[in-house]
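Have a look at the structure below, then the notes.
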């Protein structure tokens, strides 16, 4: 047990940071002047790439960032190439850099840019920034040409495009497919969401009796309980994910991440000694907050553009598909183990204790 706790403590920083990612944001819209928009990078990422902290004192000031404007713009020119009609477009920088330090958002530099193109037709964008330094880096992009808008996520150096000859239906299908995959990835690689789901499934094969757990009498009871928990969680986070992504409702990212971490602690402590009178209701309430967490990955893309609804639809279904996949893998094993004495006394107890410690670490790290 002692070795187990020491191993967990050693892994905490890596696990806690796994939910944080290196993310850049790109918007480009075709206008009479060219393709106008901006690229936004987190300052911590630009520091690793360009060395913005010129005096090396460990504190990055906005004045230091502005002083590096020529280098940052040159970085855009090297790593963000645009073509239209098969011909290269020329980047122009006529607007100063802007600073984004909204609460719940990593401090970032916004670089306005206009690509002047000599030809018309298909727009193709190639992005190669930061991937060699940060393998977990990704680019969220929003590209508009004429009446068409396309959004997506790039997770390695590559290209994406928009063709004015494509139909709206074709663009919607592409957007749905891309964000469906991203939804699956987000739930599978989001350790706090997975940890919360796992705490629910651990006791879904047990029944509460006098402040203790006993194995469920039959498989039907196990499935019914798991279905109740998963359904409550799904309905709740689908509601707030949709409301947040569409701009109808918002919560500060700071509190969202803090409550998500706390939900893991609450659920894990309940597994150790049941104390929640209406577990499904609590799951639903926490699910509402998890929905805001899911929506954060789409936050910069919910600008009312043409096919954000399809991006949301695909992402939401992807999250559900990932959640169902986890449940289908875990539940048969838990059902088969539930009657063994060591399942409750060892597996549930120690794993729930570990999840409580992990959740507590997340809470402290996010305060």
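Residue numbers (the working numbering): 8 to 374.
For every residue, glycine included, the Cβ atom is placed at its ideal position computed from N, Cα and C.
Since this is a predicted model, take the numbers as computed values, not measurements.
Distance CB(residue i)-CB(residue j) smaller than 8 angstroms
i           : j           : result
residue 271 : residue 146 : no
residue 203 : residue 274 : yes
residue 187 : residue 321 : yes
residue 166 : residue 131 : yes
residue 337 : residue 278 : no
residue 122 : residue 97  : yes
residue 241 : residue 211 : no
residue 56  : residue 161 : no
residue 236 : residue 288 : no
residue 265 : residue 201 : no
residue 37  : residue 151 : yes
residue 269 : residue 199 : no
residue 281 : residue 220 : yes
residue 148 : residue 33  : yes
Own chain residues within Cβ distance below 7 angstroms of residue i, not counting five before or after
i           : result
residue 248 : 298, 301, 302 and 323
residue 48  : 31, 115 and 116
residue 76  : 104
residue 258 : 299
residue 170 : 129
residue 83  : 46, 98, 118 and 120
Min CB distance residue i to chain C below 8 angstroms
i           : result
residue 259 : Among the chains of the structure shown, chain C does not appear; only one protein chain is present.
Residue i versus residue j - alpha carbon distance
i           : j           : result
residue 215 : residue 192 : 34 angstroms
residue 72  : residue 143 : 24 angstroms
residue 68  : residue 181 : 41 angstroms
residue 137 : residue 116 : 15 angstroms
residue 35  : residue 159 : 13 angstroms
residue 358 : residue 374 : 24 angstroms
residue 175 : residue 155 : 7 angstroms
residue 296 : residue 352 : 31 angstroms
residue 62  : residue 276 : 47 angstroms
residue 292 : residue 243 : 7 angstroms
residue 309 : residue 284 : For residue 309, the pLDDT reaches just 44, beneath the cut-off of 50, and the residue's location in the model is therefore unreliable, although a value from the coordinates is still provided. Distance between the alpha carbons of residue 309 and residue 284 is about 38 angstroms.
residue 42  : residue 205 : 46 angstroms
residue 325 : residue 189 : 7 angstroms
residue 346 : residue 207 : 18 angstroms
residue 333 : residue 70  : 47 angstroms
residue 360 : residue 87  : 47 angstroms
residue 108 : residue 217 : 50 angstroms
residue 194 : residue 245 : 13 angstroms
residue 153 : residue 89  : 16 angstroms
residue 224 : residue 319 : 40 angstroms
residue 29  : residue 261 : 18 angstroms
residue 331 : residue 157 : 28 angstroms
Reduced DSSP category for residue i - H, G, I as helix; E, B as strand; rest coil
i           : result
residue 50  : helix
residue 143 : coil
residue 116 : strand
residue 223 : coil
residue 160 : strand
residue 77  : helix
residue 37  : strand
residue 168 : strand
residue 363 : helix
residue 151 : strand
residue 213 : strand
residue 303 : helix
residue 103 : coil
residue 125 : coil
residue 348 : helix
residue 29  : coil
residue 44  : strand
residue 91  : strand
residue 368 : helix
residue 228 : helix
residue 97  : strand
residue 71  : helix
residue 373 : helix
residue 131 : strand
Nonlocal neighbours in the same chain, by C-beta distance under 8 angstroms from residue i, ignoring five residues either side
i           : result
residue 228 : 214
residue 126 : 91, 92, 93 and 94
residue 40  : 121 and 123
residue 363 : 271, 272, 275, 276 and 279
residue 226 : 342
residue 60  : 54, 66, 67 and 71
residue 64  : none
residue 263 : 111, 296, 299, 300 and 303
Residue i CB to nearest heavy atom of the ligand NAP below 7 angstroms
i           : result
residue 351 : Annotation note on the ligand NAP: not contained in the displayed structure, which lists no ligands.
6 angstroms Cβ shell around residue i - same chain, five flanking residues per side excluded
i           : result
residue 119 : 45 and 102
residue 80  : 100
residue 250 : 256
residue 367 : 272
residue 311 : With a pLDDT of 47 at residue 311, under the threshold of 50, the modelled position of that residue is not reliable, and the figure given next carries that caveat. So the list is empty, once near-sequence residues are dropped.
residue 164 : 135 and 138
residue 78  : 57
Subject >> Segments assigned alpha helix (DSSP H), at least 4 residues, entirely inside the stretch 231 to 285 >> reply: 260 to 279
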